[in-house]
Amino acid sequence: MARVLFLSLFLLSISVSSQAFHVETISFDEGYKHLFGEDNLVVSADRKRANLVLNRYTGSGFISSDYYMHGYFSASIKLPKENTAGVVVAFYLSNGDVFEKNHDELDWEFLGNKKGKEWRVQTNIYGNGSTMRGREERYLLPFDPTEAAHRYSILWTANVIIFYVDDIPIREVIRTEAMGSDFPSKPMAVYATIWDGSAWATDGGKVKINYKYSPFIAEFSELVLKGCTSAPIQQSQMSVDLDRCASTEIELMTADFAVMTPKMRSDMRRFREKKMTYTVCYDAVRYQSVFPECDNTPEEQEKFWQWGESKTVKPRNRSSKRHSLRGQPAVASLYNAQAAV
């Protein structure tokens, strides 16, 4: 049986190695509802796109109508232009409204910047309220995220978490026994928000939002909610919910986005080498011991400072007349090749 399963996964990996993911999108009303911001959530007439607006009065957000016990969650997002210092756009999973002291969370956070400077992107993983052991990583992007929408996705299963940019995996966290309850394990809802993060988002809070440039608008489209719906439950009920969602779990783990082919691993390694500006795995200042899921090597460690910042990946100014991939031939080729498939 094990040999048959291995052969099936191998054949599947061959078939998906040269194509983009195929996932079914939904309309806004099929999976989401208003969260906050009154009229600052604007849904298109065809109900396939939603704009989140931040002005001097309020931000805005929407939330999935259901909670999910594992799944694949995705949205194409176009970020605001001009001076976006202090602006935070987020696409994430959380159950913090139910479990206030021991919540789980998986984040995409997009951090605005001063005019001409790059947006920064951050991924976070919190399990069972482990906010003091946050598993942050930060990246630059090989494109201008304000010029066109790009897809950002999260796969969450019982044993692995993967973050993707345009179907390229950029971070994989495989569950280990040592992680314990730090691995998210309770049903979560899916959120999208835009808000004022002046206190910390840009230069540690030194640069605040300039509302002269408002409204700031984040555009969401190509929404994907693929998982097992579940009511928020306590740990004691978890085994029952896992049994009920077993078939969905198998479907997730054998989907094209979950089968990590050699090409996908190569693309992930290249992205991280070229675009990762911080990783918790090499932050020896905040944490005395290495996180159990980190696969650290002495050779790679030499590329990072003691506080986990990259020694080689540097931000650059973006000119409105300069193509965002210029000067980055390796990453540009990677993304052009992916788009051509």
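For the sequence shown, the positions run -20 to -1, 1 to 321 when mature numbering (1 follows the signal peptide of the UniProt record, and there is no 0) is used. Each residue gets a CB set at the ideal place from its N, CA and C atoms; glycine is no exception. Note that the structure is a prediction, hence the values are computed from the model and not measured.
Here R249 is exposed, its C-beta having fewer than 16 other C-beta atoms within 10 Å. Contact annotation: K58 and A129 have beta-carbon atoms nearer than 8 Å.
Only buried fits S74, as 16 or more other CB atoms lie within 10 angstroms of its CB. Between T182 and A65, the C-beta gap is smaller than 8 Å, which places the two residues in contact. Closest option to K81, judged by alpha-carbon separation, among D87, S110, S227 and E98: S110. In terms of Cα proximity to I6, the closest of A226, T292, F284 and S201 is S201.
Taking a C-beta distance under 8 Å as the contact criterion, F143 and T173 do not qualify as a contact pair. By the Cβ test, the segment 254 to 273 is in contact with the segment 147 to 165, since at least three Cβ pairs between them sit closer than 8 Å. By the CB criterion at 8 Å, P164 and P212 fall outside the cutoff. Within the segment 152 to 195, the complete beta strand (DSSP E) runs of at least 3 residues fall at 169 to 176. In this model, D176 and S40 are separated by some 10 Å (Cα to Cα). Residues S7, F8 and D9 of the same chain have their beta carbon placed closer than 6 Å to that of R27, with the five preceding and five following residues left out of the count. In this structure, the CA atom of L15 is about 44 Å from the CA atom of E282. The beta carbon of P195 lies closer than 6 Å to those of V33 and N35 in the same chain, with the five residues before and after it left out. For the pair V101 and L91, the Cα-to-Cα distance works out to about 6 Å.
Around the C-beta of G96, fewer than 16 other C-beta atoms lie within 10 Å, and the residue is accordingly described as exposed. Looking at the DSSP output, P149 shares a beta bridge with Y144.
By the beta-carbon neighbour count (other beta carbons within 10 angstroms, threshold 16), P122 is buried. Runs of beta strand (DSSP E) with 3 or more residues, each lying fully within the segment 77 to 117, are found at 85 to 91 and 100 to 106, listed in chain order.
Between N139 and K94 the beta-carbon gap is near 41 Å, outside 8 Å, which marks them as no contact. By alpha-carbon distance to R131, the top candidate from A55, E85 and E117 is A55. Across the structure, Y262 and S24 are spaced so that their CA atoms are roughly 43 Å apart. Here DSSP, grouped into helix, strand and coil, assigns E289 to strand. DSSP places D9 in the uninterrupted alpha helix (DSSP H) bounded by F8 to G11. Counting of Cβ neighbours within 10 angstroms places V265 among the exposed residues, the total staying below 16. Residues E117 and G288 of the same chain have their beta carbon placed closer than 6 Å to that of T259, with the five preceding and five following residues left out of the count. With respect to A226, L135 sits apart: the two C-beta atoms are not nearer than 8 Å. The alpha carbon of I43 has as its nearest neighbour, out of D146, Y171, T209 and T257, the alpha carbon of Y171.
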